[in-house]
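Position one of the sequence shown corresponds to residue 9 (this note's numbering), numbered consecutively onward.
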Amino acid sequence: MSTFDAIVVGGGHNGLVCAAYLARAGQRVVVLEAAAEVGGAAVTREIAAGFRVSSCAHILHQLNPQVWSDLDLERNGVVASSEPMPTIGLGADGQHLKLSPDEIQTRAEIAALSGADAERFHPLMARLRRFAGALEPLLGMSPPRLGTADWSDRSALLKLGWRVRRLGRDDMRELLRIAGSNVADLVEDTFETERLQGLLAFDAVLGTHLGPRSPTSMLTWLYRLAGEAGRALVQPVGGMGAVTQAIARAAQAAGAEIRTDTPVARILVEEDRARGVALDSGERLSAPVVVSSADPKRTFLSLLGVEHLDTGFVRRIRNLRMRGNVAKLNLALEGQPEFTGLASGDLGARLVIAPSVDYLEQAFNAAKYGEYSPAPAMEITIPSVHDSGLAPPGKHVLSALVQYAPYGLKAGWDTAKPAFEQQVLSILGAYAPGLDSLISARQLLTPFDLEREYRLTGGHWHHGELAFDQLLMLRPVPGAAQYATPLPGLYLCGAGSHPGGGVMGAAGMNAAREVIAREVGE
9 MSTFDAIVVG GGHNGLVCAA YLARAGQRVV VLEAAAEVGG AAVTREIAAG
59 FRVSSCAHIL HQLNPQVWSD LDLERNGVVA SSEPMPTIGL GADGQHLKLS
109 PDEIQTRAEI AALSGADAER FHPLMARLRR FAGALEPLLG MSPPRLGTAD
159 WSDRSALLKL GWRVRRLGRD DMRELLRIAG SNVADLVEDT FETERLQGLL
209 AFDAVLGTHL GPRSPTSMLT WLYRLAGEAG RALVQPVGGM GAVTQAIARA
259 AQAAGAEIRT DTPVARILVE EDRARGVALD SGERLSAPVV VSSADPKRTF
309 LSLLGVEHLD TGFVRRIRNL RMRGNVAKLN LALEGQPEFT GLASGDLGAR
359 LVIAPSVDYL EQAFNAAKYG EYSPAPAMEI TIPSVHDSGL APPGKHVLSA
409 LVQYAPYGLK AGWDTAKPAF EQQVLSILGA YAPGLDSLIS ARQLLTPFDL
459 EREYRLTGGH WHHGELAFDQ LLMLRPVPGA AQYATPLPGL YLCGAGSHPG
509 GGVMGAAGMN AAREVIAREV GE
């Protein structure tokens, strides 16, 4: 039996980050990835001969700066393919709204639609970013436990309270007022332009089972802003797979071993402690520490087994809300697409179809009843505009996140997928006439496909909803909120643990710190 100091189950970006930090601390670490390549849902794959695209996650904007620095990802090969991406809210009539990192340009764009909105936009965003800034430090640390006498937990809670208090009385009151509210109320009370309202609300609901009028949708927007912490939206050369490959190189340089095509069958338990893993091949690996980057349900209910956990904990895990609501569309195009009213120089932007709050809410209404949206919202990128290596000369790839597409579709995805795919292409065609004639290959990944392909329970890319009762010291559930689990020696490091989904790497970093503090010094 091969022996290690730590075994990391799953080679997604968080698992790789965790392995890199553990190896840097002198631990003998092995990463076990079931797929043929590492990266999890942040990979670049070929959808047709010569056409490569970021298969799931497709924009880099939340990677933790400490992870970036510690693992020296720039030296390990992460290069932005272009300048920071603007966001363009598309209008089927060819009247678009462009929000760019250039404040003067954005002000002019909004002013063309509404002078009042142009005056209000930057003050509102500055205030929201101050709120997000108070939350941002929490993402790179273990969340404090509630109801304990431990000084470290009390200290962390006091620091959180102090960050909020430092906002000042007015901002503190406003943060507490809006945190549990819905994003529709805020944007509709502040702005008069429907396209601006819809564009901002889209960021609050992307990847969630929330509509813009759902309570707590403001919290998810603040959480997204905290994860970005002022960082721009970029696309890496080679797609998102280049990022995870760079993290893998950093882990290997630190001494970690990475094995692909190595699915784990179960976590081994001896004397009420995790002691290693058994592989599908029958091989066993031994270690006093097992760190799982798989989602919580897969970790506890499948890999570990409920017989090693108390019934209350098992009930909380089973009740986790983790049914995905987003599909991913990848297209191989024989030429450059043309969007009505959009300059060719803007094709490299982040393009969003969410023309109003009502459009988003109506799209969400279908998902409430187990149906896909007849007019879904979308986030679209054409990465080959700036990264020619992703497609043959003169050709392109298009990548789109499509919301809402509920995991538990009443009609069943095996039956309904062709009709939904055609509906998505029809919506795209309304904004980009002639797109159909350019498509040489296409791939639609529903949440059901994401579960099968990437082992994401429920097809949820965050490994669980981002909501009040599934965040911070409650993520994934009480008893496993600081990466350590009820079973000694077993830890979590995936998106199902704090701070959640997105290509942040913070969960992997924080989990490694917990393992080092709790295990290495013993």
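Cβ coordinates follow ideal geometry from the N, Cα and C atoms, glycine included. Model, not experiment: these values are computed from the prediction.
query: With 16 other Cβ atoms within 10 Å as the buried cut-off, status of I112; result: exposed
query: Selected residue, minimal CA-CA separation from S189, among R203, S294, L175 and A209; result: A209
query: Residue span of the alpha helix (DSSP H) that contains L204, given as start and end; result: E202 to V213
query: Stretch-stretch touch, CB-based, cutoff 8 Å, three pairs: the region 508-527 with the region 21-36; result: yes
query: Beta bridge counterpart(s) of T389 as assigned by DSSP; result: S407
query: Given V410 as reference, the closest of R203, E342, L495 and V360 once Cα atoms are compared; result: V360
query: Whole-angstrom C-beta distance between G466 and S301, which should lie under 8 Å; result: The Cβ separation is near 16 Å, so there is no contact.
query: From A449, S505, L452 and P496, residue whose alpha carbon lies closest to that of H471; result: S505
query: Contact the region 79-91 vs the region 299-319: 3+ CB pairs below 8 Å; result: no
query: Option nearest A273 by Cα separation, candidates S352, S10 and S310; result: S310
query: Reference L276; option with closest CA among A49, E91, A286 and T348; result: A286
query: When G249, G349 and L482 are compared against N84, the one with the closest alpha-carbon; result: G249
query: In chain order, each beta strand (DSSP E) run of at least 3 residues that lies wholly inside the region 433-491; result: 447-453
query: Strand pairing of F59, partner residues [DSSP]; result: A56
query: Within the region 345-398, ranges of the alpha helix (DSSP H) (whole runs, at least 4 residues); result: 365-376
query: Where the alpha helix (DSSP H) containing V322 begins and where it ends; result: T319 to R326
query: Own chain partners of S89 with C-beta closer than 6 Å, once the 5 adjacent residues on each side are dropped; result: Q243, V245, H394 and D395
query: R239 versus I524, R526, Q490 and M512, residue with shortest Cα-Cα distance; result: M512
query: Close-in-space but distant-in-sequence residues of the same chain around A234 (CB under 7 Å, 5 per side omitted); result: A140, L143, E144 and L147
query: Backbone secondary structure at N333 - three-state DSSP; result: coil
query: Short Cβ contact (8 Å threshold) for R450 with L350; result: no
query: For I390 and L355, believed in contact at Cβ under 8 Å, the rounded distance; result: 5 Å
query: At least 3 beta-carbon pairs within less than 8 Å: the region 204-222 vs the region 360-379; result: yes
query: Between the CA atoms of D318 and K336 - distance to the nearest angstrom; result: 37 Å
query: Whole-Å CB distance - F59 paired with A440, under 8 Å assumed; result: With 8 Å as the limit, F59 and A440 do not qualify as a contact, their Cβ atoms being about 18 Å apart.
query: Residue range of the unbroken alpha helix (DSSP H) whose run includes I255; result: M248 to A261
query: Local Cβ density within 10 Å of L214, reported as buried at 16 or more and exposed below that; result: buried
query: Cβ shell of H104 (< 7 Å), same chain only, five flanking positions each side left out; result: I96, G97, L98, G349 and L350
query: Continuous beta strand (DSSP E) assignments of at least 3 residues falling wholly in the region 82-137; result: 95-97 and 105-107
query: For P244, three-class secondary structure by DSSP; result: strand
query: Limits of the beta strand (DSSP E) - the one that E265 falls within; result: E265 to R267
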